[in-house]
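*Asks:* Here it is: the structure, laid out below.
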């Protein structure tokens with residue numbers, strides 16, 4: 001894979017590419033908290049007070065009080081029984097899988113799941129059974145066809161990063177036996193979905209019983225590290241059984257201080273969430289009016305799939321001419337040829353959104369067969 005161009009963010013919604021300032025509809029800093037003054041100041045203060053790292057496993061001498069304070073705040077933010085911080089979002093599912101290895105005979109996994117979940121499934125020591133993307137009926141079929149006795153766990157993204165679709169958690173719970181668990185990677189849904197931003201569980205209005213929710217703090221929270229939201233019993237089990245957790249150093253303390261400040265800010269100020277959804281609705285409505293079949297998804301992500309390299313080149317050029325960084329990506333789970341993924345934030349201005357709509361509408365006029373999928 002070719003290494004991407006180097007980018008530098010210069011304000012909340014612009015980046016610098018080869019000396020040119022461009023509007024930025026990429027990345028997953030949905031509220032642009034990574035550059036919010038209060039979050040940056042919290043990190044700066046923590047660096048001066050605590051240094052950069054505990055430089056030790058949490059299970060030896062690295063159990064800094066800031067870890068417990070951040071976990072308690074995140075537990076309250078998500079309304080979870082308990083929370084456990086881990087060094088990175090990608091680690092969350094792997095650490096859970098290590099702790100639960102040998103518990104289940106079969107791991108059901110969405111065929112479009114994030115690579116972190118696919119890696120975790122391989123660590124469970126269970127037979128892996130992929131099911132059709134977002135299809136509870138296929139889950140039910142597989143369960144019915146699996147000989148007894150069987151112990152199931154289902155792995156899925158909460159909000160899928162390719163198009164902002166939410167997993168049908170309620171329907172999965174109905175299809176699964178009462179003894180089964182769900183592992184929901186809510187890296188993109190946490191902070192974004194639900195009335196208060198608690199994620200896909202809140203969006204689907206399902207209880208936490210039988211669900212393990214994992215999230216990264218590098219997206220909505222603009223910081224770093226990961227968090228596992230589950231029961232106190234699972235927290236203890238992870239601390240006793242997961243070698244990844246036991247043998248790793250926590251995320252840098254200034255980053256955790258930033259995550260702590262971000263969670264408090266998002267819990268206190270709902271205007272971030274309101275602006276995010278208003279901006280996403282404005283763009284989605286405008287694109288539908290222009291003839292784009294934009295899917296009915298709750299997330300602020302809009303995929304555009306050109307049908308040919310020439311269309312991709314044309315749109316790429318049109319975006320650059322309008323002062324927009326073309327968000328063309330090739331990522332696991334997406335088409336091998338790549339696609340445009342526009343990520344809307346709470347901080348994009350109306351002129352930026354309208355410029356994006358104008359460019360895409362003109363492109364639709366020239367290439368009416370362009371489609372989303």
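In this note's numbering, the protein residues as written are 1 to 373.
Using N, Cα and C, we set each Cβ at its ideal position, and we do this for glycine too.
Computed from a predicted structure; not experimentally measured.
1. With residue 134 and residue 167 assumed to form a contact (beta carbons below 8 Å), what rounded beta-carbon distance in angstroms separates them?
2. If you drop the 5 nearest sequence neighbours on each side, which residues of the same chain put their C-beta closer than 6 Å to that of residue 34?
3. Between residue 305 and residue 367, what straight-line distance do the alpha-carbon atoms span, to the nearest angstrom?
4. Would you mind reading off the limits of the alpha helix (DSSP H) that contains residue 106?
5. How about residue 7: is its C-beta nearer than 8 Å to some C-beta of chain D?
6. Looking at the structure shown, is residue 377 part of a helix, part of a strand, or coil, going by DSSP?
7. In three-state terms, what does DSSP make of residue 282?
8. Does the contact criterion of 3 or more C-beta pairs under 8 Å hold for the segment 282 to 297 versus the segment 342 to 359?
9. I need the boundaries of the beta strand (DSSP E) containing residue 303, first residue and last residue.
10. Count the other CB atoms, across all protein chains shown, that sit within 10 Å of the CB of residue 197; report buried if there are 16 or more and exposed otherwise.
11. May I ask you to list the residues that DSSP assigns as paired with residue 226?
12. In whole angstroms, give me the CA-to-CA distance for residue 14 and residue 186.
13. So what's residue 24 in DSSP terms, helix, strand or just coil?
14. With DSSP as the reference, please indicate the residues paired to residue 339 in a beta bridge.
15. Could you pull the start and end residues of the alpha helix (DSSP H) that residue 238 belongs to?
16. Would residue 211 and residue 184 qualify as a contact pair, given that the criterion is a beta-carbon distance under 8 Å?
17. Work out the CA separation of residue 315 and residue 226 for me, nearest whole Å.
18. Residue 77 and residue 66: beta carbons closer than 8 Å?
19. Compute the Euclidean distance between the alpha carbons of residue 199 and residue 191, then round it to the nearest angstrom.
20. State buried or exposed for residue 19, treating a residue as buried only when at least 16 other CB atoms are found within 10 Å of its CB.
21. To which residues of the same chain is residue 74 closer than 7 Å at the C-beta, ignoring the five residues directly before and after it?
22. Measuring only the C-alpha atoms, how far is residue 373 from residue 37?
23. On the three-pair Cβ rule with 8 Å, is the segment 269 to 280 touching the segment 117 to 136?
24. Between the beta-carbon of residue 213 and the beta-carbon of residue 113, is there less than 8 Å?
25. Which residue's Cα is closest to the Cα of residue 87: 254, 151, 195, 157?
26. Output the distance between the C-alpha atoms of residue 146 and residue 206, rounded to the nearest integer angstrom.
27. How do the segment 44 to 61 and the segment 168 to 179 stand: do at least 3 beta-carbon pairs fall below 8 Å, yes or no?
28. Below 7 Å CB to CB, which residues in the same chain sit around residue 43 once its five sequence neighbours on both sides are set aside?
29. Please report the distance separating the alpha-carbon of residue 152 from that of residue 126.
30. Hey, how far is the Cα of residue 215 from the Cα of residue 89?
31. Could you round the C-beta distance between residue 22 and residue 325 to whole angstroms and report it? I think they count as a contact, below 8 Å.
32. Starting from the N-terminal side, write out each stretch of the alpha helix (DSSP H) that is 4 residues or longer and does not extend beyond the segment 30 to 93.
33. By how many angstroms is the C-alpha of residue 99 removed from the C-alpha of residue 237?
*Replies:* On the basis of the data shown:
1. 6 Å
2. 222
3. 12 Å
4. Segment 106 to 110 is the beta strand (DSSP E) holding residue 106; no alpha helix (DSSP H) there.
5. Of the chains in the structure shown, none is chain D; there is only one protein chain.
6. Residue 377 lies beyond the residue range present for the chain, which begins at 1 and ends at 373; the question has no answer from this structure.
7. helix
8. yes
9. 301 to 304
10. buried
11. 86, 216
12. 26 Å
13. coil
14. 329
15. 232 to 241
16. yes
17. 35 Å
18. no
19. 6 Å
20. exposed
21. 83, 227, 263
22. Model confidence at residue 373 stands at a pLDDT of 47, short of 50, so the residue's coordinates are unreliable and nothing is read from them.
23. no
24. no
25. 254
26. 26 Å
27. no
28. 254, 255, 257, 258
29. 9 Å
30. 6 Å
31. 4 Å
32. 37 to 50, 65 to 78
33. 6 Å
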